[in-house]
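>
In UniProt numbering, the protein residues as written are 1 to 209.
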């Protein structure tokens with residue numbers, strides 16, 4: 001079930017940006033939030049390497065990668081979001097498609113980023129998305145996930161309120177999931193998890209053997 005505030009946020013960009021700005025304060029601001037994927041992997045892959053921003057939305061988290069000199073493809077299911085991404089970041093190659101079945105070539109990318117989108121999928125769909133990433137990554141390629149994590153005592157109530165107002169049941173389901181374990185069982189290696197924003201956010205890097 002979608003809450004009225006969630007619908008309002010997606011229909012009115014100013015409100016969406018306001019919510020993002022407030023939420024990002026706990027990690028040092030919007031700019032740092034949108035760069036979390038880049039800062040985790042930029043020293044692990046060659047400059048100019050092909051990178052996929054999966055569920056890229058309107059391109060905000062793809063922009064730091066492009067500014068750093070990487071060749072970035074953005075995939076999203078929303079034509080409206082992709083049109084805005086293309087307008088804001090012309091260097092971004094935009095592809096419309098499902099994250100579970102991306103219309104992209106095998107072993108195409110040195111890195112894949114999924115930023116604050118994995119919680120939008122059910123448990124079964126999440127497994128499909130992570131499996132699709134394995135197909136798209138080059139051998140030795142890297143995956144970086146930035147998403148929700150059960151918050152510590154100080155932010156537990158704010159996180160619960162945020163999820164009630166702006167998220168769906170899939171977010172609550174993912175909060176109960178052990179993503180590092182799931183990645184390990186799928187065959188990813190070199191898995192590292194960093195907890196941010198009072199433990200309310202997690203950044204995970206994993207490598208395709």
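All residues carry an ideal CB built from backbone N, CA and C; glycine is no exception.
Since residue 112 contacts residue 133 with CB under 8 Å, what's their CB separation in whole angstroms?
Right, their Cβ atoms sit about 5 Å apart.
> Could you please give the first and the last residue of the uninterrupted beta strand (DSSP E) stretch that includes residue 95?
Where residue 95 is concerned, the enclosing beta strand (DSSP E) stretches over 93-96.
> Do you know offhand how far residue 46's Cα is from residue 68's?
Going by the C-alpha atoms only, they are around 11 Å apart.
> Going by C-alpha to C-alpha distance, which of 145, 155 and 173 sits closest to residue 183?
Selected option, being the one with the closest Cα: 145.
> Which stretch, first to last residue, makes up the beta strand (DSSP E) that contains residue 37?
Segment 36-41 is the alpha helix (DSSP H) holding residue 37; no beta strand (DSSP E) there.
> Going along the chain, which residues of its own chain have a beta-carbon closer than 6 Å to the beta-carbon of residue 136, five neighbours each way excluded?
The residues are 104, 108 and 109.
> Using the Cα positions of residue 200 and residue 38, report the straight-line distance between them to the nearest angstrom.
One C-alpha to the other measures close to 20 Å.
> Could you give the DSSP three-state label for residue 155: helix, strand or coil?
Three-state DSSP puts residue 155 in coil, outside helix and strand.
> Taking 8 Å as the CB-CB limit, is residue 196 close to chain C?
Here there is only one protein chain, and chain C is not present.
> What first and last residue would you give for the beta strand (DSSP E) that runs through residue 115?
Note, residue 115: beta strand (DSSP E), 109-115.
> In the DSSP output, what is residue 50 paired with across the bridge?
Partner(s): 71.
> Taking 8 Å as the cut-off, does the region 79-90 touch the region 111-130 (at least 3 CB pairs, one atom from each stretch)?
Cβ pair count under 8 Å is below three, so no.
> Thinking C-beta only, is residue 177 closer than 8 Å to residue 191?
No, these two residues do not count as a Cβ contact at 8 Å.
> On a Cα-Cα basis, can you pick out the residue from 86, 196, 209 and 61 that is closest to residue 28?
Of the candidates 86, 196, 209 and 61, the one whose C-alpha sits nearest the C-alpha of residue 28 is 196.
> In whole angstroms, give me the CA-to-CA distance for residue 56 and residue 154.
Cα to Cα, the separation comes out at about 30 Å.
> Quick check: what's the CA-CA separation for residue 140 versus residue 52?
Using only the alpha carbons, I get a separation of about 15 Å.
> Based on Cα-Cα distance, which residue from 209, 203 and 151 lies nearest to residue 214?
Beyond the ends of the chain as shown, which are 1 and 209, falls residue 214; an answer cannot be given.
> Could you tell me the boundaries of the beta strand (DSSP E) in which residue 206 lies?
Where residue 206 is concerned, the enclosing beta strand (DSSP E) stretches over 201-207.
> Is the beta carbon of residue 116 less than 8 Å from the beta carbon of residue 188?
For residue 116 and residue 188, no; Cβs fall outside 8 Å.
> Rounded to a whole number of angstroms, what is the C-alpha to C-alpha distance between residue 156 and residue 162?
Distance between the alpha carbons of residue 156 and residue 162: 10 Å.
> Using a Cβ-Cβ cutoff of less than 7 Å, which residues in the same chain neighbour residue 42 once the five nearest sequence positions on both sides are dropped?
Answer for residue 42: 68, listed in chain order.
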